[in-house]
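All letters in the sequence shown, in the order written, are residues 87 to 497 by this note's numbering. We treat Cβ as the ideally placed atom computed from N, Cα and C, and that holds for glycine. Beneath this line is the structure, given in structure tokens, with notes to follow.
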Amino acid sequence: MGLIVQKFGGTSVGSAERILNVAERVKEEKARGNDVVVVVSAMGKTTDHLVSLAKELSAQPDKREMDMLLTTGEQITISLLAMALKNQGTDSVSFTGWQAGIHTEPVHGNARILKIETDSIKKQLSEGKVVIVAGFQGISDSGEITTLGRGGSDTTAVALAAALKADKCDIYTDVTGVYTTDPRYVKDARKLLAVSYDEMLELANLGAGVLHPRAVEFAKNYSVPLEVRSSMERVSGTIIEEEPKMEENLVVRGIAFEDEITRVTIFGLHNYLTGLSTIFTTLAKNQINVDIIIQSTTESNETNLSFSIKTEDLENTLKVLEENRAVLEYDQVEWEMKLAKVSIVGSGMVSNPGVAAEMFKVLADNGIYVKMVSTSEIKVSAVVAETSMLKAVEVLHNAFDLAKEYQAVKR
Ligand code: ADP
Ligand code: ASP
Ligand code: MG
Numbered sequence: 087m088g089l090i091v092q093k094f095g096g097t098s099v100g101s102a103e104r105i106l107n108v109a110e111r112v113k114e115e116k117a118r119g120n121d122v123v124v125v126v127s128a129m130g131k132t133t134d135h136l137v138s139l140a141k142e143l144s145a146q147p148d149k150r151e152m153d154m155l156l157t158t159g160e161q162i163t164i165s166l167l168a169m170a171l172k173n174q175g176t177d178s179v180s181f182t183g184w185q186a187g188i189h190t191e192p193v194h195g196n197a198r199i200l201k202i203e204t205d206s207i208k209k210q211l212s213e214g215k216v217v218i219v220a221g222f223q224g225i226s227d228s229g230e231i232t233t234l235g236r237g238g239s240d241t242t243a244v245a246l247a248a249a250l251k252a253d254k255c256d257i258y259t260d261v262t263g264v265y266t267t268d269p270r271y272v273k274d275a276r277k278l279l280a281v282s283y284d285e286m287l288e289l290a291n292l293g294a295g296v297l298h299p300r301a302v303e304f305a306k307n308y309s310v311p312l313e314v315r316s317s318m319e320r321v322s323g324t325i326i327e328e329e330p331k332m333e334e335n336l337v338v339r340g341i342a343f344e345d346e347i348t349r350v351t352i353f354g355l356h357n358y359l360t361g362l363s364t365i366f367t368t369l370a371k372n373q374i375n376v377d378i379i380i381q382s383t384t385e386s387n388e389t390n391l392s393f394s395i396k397t398e399d400l401e402n403t404l405k406v407l408e409e410n411r412a413v414l415e416y417d418q419v420e421w422e423m424k425l426a427k428v429s430i431v432g433s434g435m436v437s438n439p440g441v442a443a444e445m446f447k448v449l450a451d452n453g454i455y456v457k458m459v460s461t462s463e464i465k466v467s468a469v470v471a472e473t474s475m476l477k478a479v480e481v482l483h484n485a486f487d488l489a490k491e492y493q494a495v496k497r
């Protein structure tokens, strides 16, 4: 007998009928002889609705109250699922984040899980109950309710699986697994049989919304076997593990993309030596995440600095730069909005030089202008115009043969 953590996302619990379907999946897992902990998200688009409701009342809602509001979404689902399970004869109990012992940093809106006290969950499991935990929420040491960032229920599930030393964590969602790219936008996208933790971490960080990046981090750090699978279809999904052996010869495993990116350029940065660190320290202190950074020197020996940010951070970035103008000693700031980042990811790149060159050739052949570039051992990202984003994904998907079926290797 094992312990399985199952996580069901918003669409999968989007109606009473879908909750009944989840109850059925839980019951099946129980019938296989396993203890089951279930993590659920808010129903359907509940979190989005709550966010827009708050924005109707305040342009920048108080962060503490926002967490208080958003955590109600998951609380609806846990109670309904517990009712459904009890009704079909499966004993169960619902827990909020704090009842489940999930302790986080004292940060609102994007808290990290610090520790999980598993005693209460273990006690209920030992009594034969299914434990249903509200995703995306925890409690700080001072007793404040916190949330883990959008999409954070995945992280609740994997962190619980790690803390409970579960045999497996199944992430049930509205697609049948992790695809070579978002199947909602690219019809040729193909389901991957397996992805490594590192590749998945890159894909998630670079915009593939199928898994919360911190969930993958937990899975990697605690070696939690993870599967992304469909809540509706009974088919095997995608395994995320240390070294996938099932699909070989793949240089590029997948393509991630995200829009709403802005490039900010600071012209004539005097006092470059200290200016550089001051700029990024100041932005970081203001919770502004800077992504790609490019520095150039003009003929007249002036230093210009470009960096990319999320467009939602532009207003704040400009404010911070203006406030620190005297310290930073620059001439002028310009920016370009409506950009997107397209990234190819694959561990095979380490031993295959020329992948970046191939990527730029494909983009150039298709008239797609690259505005910024960043690379790591297993990824290459290119910033392009937002209007070219999907075209870039499509041509790269074709060029790297991602739609092709690979032979499964027996394990
Ligand atoms: P849930 O509510 O179950 O957490 P999400 O909407 O967070 O579901 O994640 C599933 C969605 O992720 C899919 O509907 C799909 O559009 C999107 N997605 C983005 N990139 C990928 C990818 N590479 N493979 C599969 N799905 C992806
Ligand atoms: N309900 C939260 C959100 O929509 C958390 C989650 O679904 O994972 O972001
Ligand atoms: Mg999600």
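DSSP assignment within the region 149-235 yields the following whole beta strand (DSSP E) runs of 3 residues or more, N-terminal first: 178-181, 188-190, 199-202, 216-220, 223-225 and 231-233. Distance from the Cα of E415 is smallest, within the candidate group I257, E328, K172 and L362, for L362. If you draw a 10 Å sphere on the C-beta of S228, you find fewer than 16 other C-beta atoms in it, and that means exposed.
Taking each of E401, M87, S382 and K277 in turn and checking the Cα distance to Q373, the smallest one comes out for E401. The count of Cβ pairs closer than 8 Å, one atom from the region 121-128 and one from the region 150-166, reaches three, so the stretches are in contact.
Taking a cut-off of 6 Å from the heavy atoms of the ligand MG, the residues with a C-beta inside it are G95, G237 and D240. When the beta-carbon positions are compared, S394 and K427 come within less than 9 Å of each other. Minimum Cα-Cα distance from L312 among the listed residues R320, V321, A301 and A443 corresponds to A301. Within the same chain, Cβ atoms closer than 7 Å to the Cβ of E230 are found at R150 and P192, the five residues on either side in sequence being excluded. Taking the Cβ of E160 as the reference point, at least one heavy atom of the ligand ASP falls within a distance shorter than 8 Å. In the DSSP assignment, the residues bridged to G340 are V431. For S462, the beta-bridge partners assigned by DSSP are K465. For K306, the three-state secondary structure derived from DSSP is helix. Annotation for E328: no beta strand (DSSP E) segment contains it, and DSSP assigns it neither H nor E. Distances taken from the Cβ of R270 to the heavy atoms of the ligand ADP include one shorter than 8 Å. Cβ contact annotation for D148 (same chain, cutoff 6 Å, sequence separation greater than five): none. In the three-state reduction of the DSSP assignment, K447 falls in the helix class.
H298 has its CB nearer than 8 Å to a heavy atom of the ligand ASP. At least one heavy atom of the ligand ADP is found less than 8 Å from the C-beta of T267. Considering only K277, V264 and R270, the residue with the shortest C-alpha distance to L287 is V264. Short of 7 Å from the beta carbon of A370, and not among the five residues preceding or following it, lies no beta carbon of its own chain. Here the C-alpha atom of V296 lies approximately 39 Å from the C-alpha atom of Q418.
Proximity of the region 260-277 to the region 473-487 meets the contact definition, three or more beta-carbon pairs being nearer than 8 Å. Listed in chain order, the non-local C-beta contacts of E319 below 8 Å within the same chain comprise T262, local neighbours out to five positions each way being set aside. Shortest Cα-Cα distance from Q92 to any of G195, T204, D451 and A220 involves A220. Beyond the five residues adjoining it in sequence on each side, A245 comes within less than 7 Å, by CB distance, of I199, I202 and F304 in the same chain, given in chain order. Going by DSSP, I379 is part of the beta strand (DSSP E) stretching over I379 to T383.
The beta carbon of F222 sits closer than 8 Å to at least one heavy atom of the ligand ASP.
A471 and T267 have their alpha carbons spaced roughly 19 Å apart. The beta carbon of V376 sits closer than 7 Å to the beta carbons of F366, L369, F393 and I395 from its chain, once the five residues preceding and following it are set aside; these are given in chain order.
Contact between the region 434-446 and the region 344-353 is absent: fewer than three C-beta pairs spanning the two stretches fall below 8 Å. Of the candidates T232, D253, P299 and S239, the residue whose Cα lies closest to the Cα of F94 is S239. At the C-beta level, T241 and G183 stay beyond 9 Å of one another.
Contact check for I90 against D260 fails: the beta carbons are separated by 9 Å or more. With respect to S429, L250 sits apart: the two C-beta atoms are not nearer than 9 Å.
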